[in-house]
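Novice: There's a structure below that I have some questions on.
Residue numbers (this note's numbering): 868 to 1404.
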């Protein structure tokens, strides 16, 4: 039977390593590649301007690649459950294909669409290609529960063997006998909208540092893979949160939108590592992809993963509600230049280094402002190009010491932390030019500068730049005690069974053991480097 196929692009905005698209081409006579602007996912409330620009760029690139195969992209607006019945009838669709998605909304949506497809006699095929492994298989291998430590996830991944190899993109030969109908007024009905057509004010946009699209993703991947020494020696904790240009790959937005296959990234790294001495998980680039897998697995196995309440793995904390503090943090008005510079970069560029994320997340939650990690999660979802539901929720829980990480007494200083890698404050001067004339001695703490120095710098603290919103030395100590109480309440909660408490204790033991292993590794690495340096001298 020759099918009329509709391939539903969602996150997998690429042609390479797209098994669902290849499934659509089998026994296919007519192909309709479709992307749906779903109001639940694509709206101004939860998608910031930079993310919209990246998405439009990715769709434009995808359409260009499809045109080279004598096809093209159909962009449809509306709710999937309302859109699909119309398309099934209008185009006489007999087969629907898509890439599997693990997010709760996606699972619910896909169940509904699958039921609608069956009502219309449409065959449904989905393939797993957004993650390295089948997430449900990982959970099965862990006795039906999500592994709550990285070490456990890594052990399961090792037992499963390496991820499947990526498949090549379709060629003109694959498209032989397959046509995409050319419809009248295609651009008007199914064209890719501009930001302006979507109602966005683009005057605030700055230079696009990370253009969306598969071709850009593959170009950047190629560039990084040429740096074999850097790839092999890469250790995430050794990279800088406040370098003037990214000290990591910044491939995360491309993996998030599916412009770059995680499996393609994994195997390109494997090729570079082959026969060479290289770093290992959790700090290597392979390790970063496994962290992604870890949080995806946790998000599937833990109910209400993006919330505190109803989340059995999450410590219940009595966070404060303080709209003024939250707005100051979001709008880069905390009075701490390092924090404000990071939030400025985030809003302007849509990306910040992972250690910069650590700093601002700790500051908002357990470190200083004592505001729920759920509020920070919303801001990151809006502003980050790589805002991924599972990773965003998981990292916020980690950084607030609510789940996974329990050393709540380790607090990032909004002053000292940035000085470690940028003592002269070049990063602050770039993103907060108002402070650029302050000497290095005061660039992280301008409120300590004498009035004469503030005047010479053209910036009076309290007038041109805010005073610190809190006294870090005071509130951080107070918040450590508040976290201590939250942990004590959890351990004494009579509603928790002994087995659950024991399980929680084992989780903490595993995490502390893993952290100790990492600390010992760092110490050994430091001593080796000192030894080598001494020998060189």
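We treat Cβ as the ideally placed atom computed from N, Cα and C, and that holds for glycine.
No experiment lies behind these values; they were computed from the predicted model shown.
Looking at residue 899: is its Cβ nearer than 9 Å to the Cβ of residue 1047?
Specialist: For the purposes of this step, residue 899 is taken as the residue at position 32 of the chain shown. For the purposes of this step, residue 1047 is taken as the residue at position 180 of the chain shown. Yes, these two residues count as a Cβ contact at 9 Å.
Novice: If you draw a straight line from the alpha carbon of residue 886 to that of residue 1058, how long is it in whole angstroms?
Specialist: Numbered from 1 along the chain shown, position 19 holds the residue referred to as residue 886. Numbered from 1 along the chain shown, position 191 holds the residue referred to as residue 1058. When rounded, the distance between both Cα atoms is 25 Å.
Novice: Kindly indicate which three-state DSSP category residue 991 falls into: helix, strand or coil?
Specialist: If you number the chain shown from 1, residue 991 lands on position 124. Strand, per DSSP.
Novice: Could you tell me if residue 1350 is buried or exposed, where buried requires 16 or more neighbouring beta carbons within 10 angstroms of its beta carbon?
Specialist: Residue numbering aside, residue 1350 sits at position 483 when the chain shown is read from its first letter. Burial call: buried.
Novice: Tell me whether the beta-carbon of residue 1166 lies closer than 9 Å to the beta-carbon of residue 879.
Specialist: Mapped onto the chain shown, residue 1166 falls at position 299. Mapped onto the chain shown, residue 879 falls at position 12. Going by C-beta atoms, residue 1166 is not nearer than 9 Å to residue 879.
Novice: Quickly, what does DSSP pair residue 900 with across the bridge? List them, please.
Specialist: Stepping through the chain shown from its first residue, residue 900 is reached at position 33. Residue 900 pairs with 874.
Novice: Within the chosen definition, does the segment 954 to 966 reach the segment 1085 to 1095 through at least 3 CB pairs nearer than 8 Å?
Specialist: No, the segment 954 to 966 does not touch the segment 1085 to 1095.
Novice: To the nearest angstrom, report how far apart residue 1384 and residue 1030 are at their CA atoms.
Specialist: For the purposes of this step, residue 1384 is identified with residue 517 of the chain shown, where counting begins at 1. For the purposes of this step, residue 1030 is identified with residue 163 of the chain shown, where counting begins at 1. Confidence in residue 1384 is poor, its pLDDT being 43 and thus under 50, which makes the residue's placement unreliable; the coordinate value appears in the next sentence. Approximately 26 Å between the Cα atoms of the pair.
Novice: Thinking just about the alpha-carbon of each residue, which of 1126, 1112 and 875 is nearest to the one in residue 1294?
Specialist: Taking the first residue of the chain shown as 1, we reach residue 1294 at position 427. Of the listed residues, the one whose Cα sits closest to residue 1294 is 1112.
Novice: Applying the criterion that 16 or more other CB atoms from any shown protein chain within 10 Å of the CB defines a buried residue, is residue 1000 buried or exposed?
Specialist: As a working mapping, residue 1000 is identified with position 133 in the chain shown. By the neighbour-count rule (16 or more Cβ atoms within 10 Å), residue 1000 is buried.
Novice: Within the same chain, show all residues whose beta-carbon is closer than 7 Å to that of residue 820, passing over the 5 residues directly before and after it, in chain order.
Specialist: Beyond the ends of the chain as shown, which are 868 and 1404, falls residue 820; an answer cannot be given.
Novice: Can you find at least 3 beta carbon pairs, one from the segment 942 to 953 and one from the segment 977 to 990, that sit closer than 8 Å?
Specialist: Touching, per the Cβ criterion.
Novice: Using a Cβ-Cβ cutoff of less than 7 Å, which residues in the same chain neighbour residue 1131 once the five nearest sequence positions on both sides are dropped?
Specialist: As a first step, residue 1131 is located in the chain shown; it is residue number 264 there, counting from the start. So the list reads 883, 884 and 1033, once near-sequence residues are dropped.
Novice: In angstroms with no decimal places, state the Cα-to-Cα distance between residue 1043 and residue 875.
Specialist: In the chain shown, counting from the first residue as 1, residue 1043 sits at position 176. In the chain shown, counting from the first residue as 1, residue 875 sits at position 8. Cα to Cα, the separation comes out at about 21 Å.
Novice: Which residues in the same chain as residue 1202 place their Cβ atom closer than 6 Å to its Cβ, once the five residues preceding and following it in sequence are excluded?
Specialist: As a first step, residue 1202 must be located in the chain shown, where it is residue number 335. Contacts found: 1333, 1334, 1335 and 1336.
Novice: So residue 1124 and residue 1079 are supposed to be a Cβ contact under 8 Å. How far apart are they, rounded?
Specialist: In the chain shown, residue 1124 corresponds to position 257, counting from 1. In the chain shown, residue 1079 corresponds to position 212, counting from 1. Correct: roughly 7 Å between the Cβ atoms.
Novice: For residue 966, which three-state DSSP category applies?
Specialist: Mapped onto the chain shown, residue 966 falls at position 99. In the structure shown, residue 966 sits in a strand (DSSP, three-state: E or B).
Novice: Counting only the same chain and skipping the five closest in sequence on each side, list residues whose C-beta sits under 6 Å from that of residue 1050.
Specialist: Within the chain shown, the letter at position 183 stands for residue 1050. Cβ neighbours of residue 1050 beyond the five flanking positions: none.
Novice: Please list the segments of the alpha helix (DSSP H) lying wholly inside the segment 1230 to 1305, counting only runs of 4 or more residues, in order along the chain.
Specialist: For the segment 1230 to 1305, whole alpha helix (DSSP H) runs of length 4 or above, ordered along the chain, are 1240 to 1250, 1256 to 1266, 1283 to 1286 and 1293 to 1298.
Novice: Which same chain residues end up closer than 6 Å to residue 1197 when comparing Cβ atoms and leaving out the 5 residues on each side of it in sequence?
Specialist: The count along the chain shown starts at 1 and reaches residue 1197 at position 330. Cβ within range, chain order: 1246.
Novice: Can you check whether the CB of residue 902 is closer than 9 Å to the CB of residue 940?
Specialist: As a position in the chain shown, residue 940 is number 73, starting the count at 1. As a position in the chain shown, residue 902 is number 35, starting the count at 1. Result yes, Cβ atoms of residue 940 and residue 902 sit closer than 9 Å.
Novice: When DSSP labels each residue in this structure, what does residue 1395 get in the three-state scheme?
Specialist: Position 528 of the chain shown, counting from 1, holds the residue named residue 1395. Low confidence applies here, because residue 1395 scores a pLDDT of 37, under 50, leaving its location unreliable; read the following figure in that light. Of the three classes helix, strand and coil, the one that applies to residue 1395 here is helix, per DSSP.
Novice: Taking just the CA atoms, how far does residue 1355 sit from residue 1258?
Specialist: Here the question's residue 1258 lines up with position 391 in the chain shown. Here the question's residue 1355 lines up with position 488 in the chain shown. The alpha-carbon atoms of residue 1258 and residue 1355 are separated by roughly 27 Å.
Novice: Taking 7 Å as the limit between beta carbons, can you name the residues of its chain near residue 1209, skipping five residues before and five after?
Specialist: By one-based count along the chain shown, residue 1209 stands at place 342. Taken in chain order, the residues that qualify are 1219, 1223, 1226 and 1227.
Novice: Do the CB positions of residue 1241 and residue 1174 come within less than 9 Å of each other?
Specialist: Numbered from 1 along the chain shown, position 374 holds the residue referred to as residue 1241. Numbered from 1 along the chain shown, position 307 holds the residue referred to as residue 1174. Contact: yes.
Novice: With DSSP as the reference, identify every bridge partner of residue 1187, one or two as the case may be.
Specialist: Against the chain shown, residue 1187 aligns to sequence position 320. Per DSSP, 1238.
Novice: In three-state terms, what does DSSP make of residue 1161?
Specialist: Locating residue 1161 in the chain shown gives position 294, where the first residue counts as 1. It is helical.
Novice: I need the DSSP call for residue 1373, collapsed to helix, strand or coil.
Specialist: Numbered from its first residue, the chain shown carries residue 1373 at position 506. With a pLDDT of 42 at residue 1373, under the threshold of 50, the predicted position of this residue should be treated as unreliable, and no value is reported.
Novice: Rank 1021, 1126, 1183 and 1022 by C-alpha distance to the C-alpha of residue 1353 and give the top, closest one.
Specialist: The residue labelled residue 1353 in the question sits at position 486 within the chain shown. The shortest Cα separation from residue 1353 among 1021, 1126, 1183 and 1022 belongs to 1183.
Novice: I'd like to know if the segment 1276 to 1292 and the segment 1102 to 1121 are in contact, where contact means that at least 3 CB-CB pairs between them fall below 8 Å.
Specialist: Yes, the segment 1276 to 1292 touches the segment 1102 to 1121.
Novice: Starting from the C-beta of residue 924, find all residues in its chain whose C-beta is less than 6 Å away, skip the five residues before and the five after it, and write them out in chain order.
Specialist: Sequence index remark: in the chain shown, residue 924 carries index 57 (1-based). Within the same chain, residue 924 has close Cβ partners 1078, 1079 and 1080.
Novice: So, for residue 1156: in the same chain, excluding its five sequence neighbours on each side, which residues have a beta-carbon less than 7 Å away from its beta-carbon?
Specialist: Here residue 1156 refers to the residue found at position 289 when the chain shown is read from its first residue. The answer, listed in chain order, is 999, 1129, 1132 and 1133.
Novice: Rounded to whole angstroms, what is the Cα-Cα separation between residue 1321 and residue 1359?
Specialist: Position 454 of the chain shown, counted from the first residue, corresponds to residue 1321. Position 492 of the chain shown, counted from the first residue, corresponds to residue 1359. Each residue's alpha carbon lies about 51 Å from the other.
Novice: By DSSP, does residue 935 sit in helix, in strand, or in coil?
Specialist: By one-based count along the chain shown, residue 935 stands at place 68. DSSP places residue 935 in coil when its eight states are reduced to three.
Novice: Could you work out which residue in 907, 1188, 1192 and 1126 is closest to residue 932 when comparing CA atoms only?
Specialist: If you number the chain shown from 1, residue 932 lands on position 65. Selected option, being the one with the closest Cα: 1126.
Novice: Please list the terminal residues of the continuous beta strand (DSSP E) segment that includes residue 942.
Specialist: Here residue 942 refers to the residue found at position 75 when the chain shown is read from its first residue. Unbroken beta strand (DSSP E) run through residue 942: 941 to 944.
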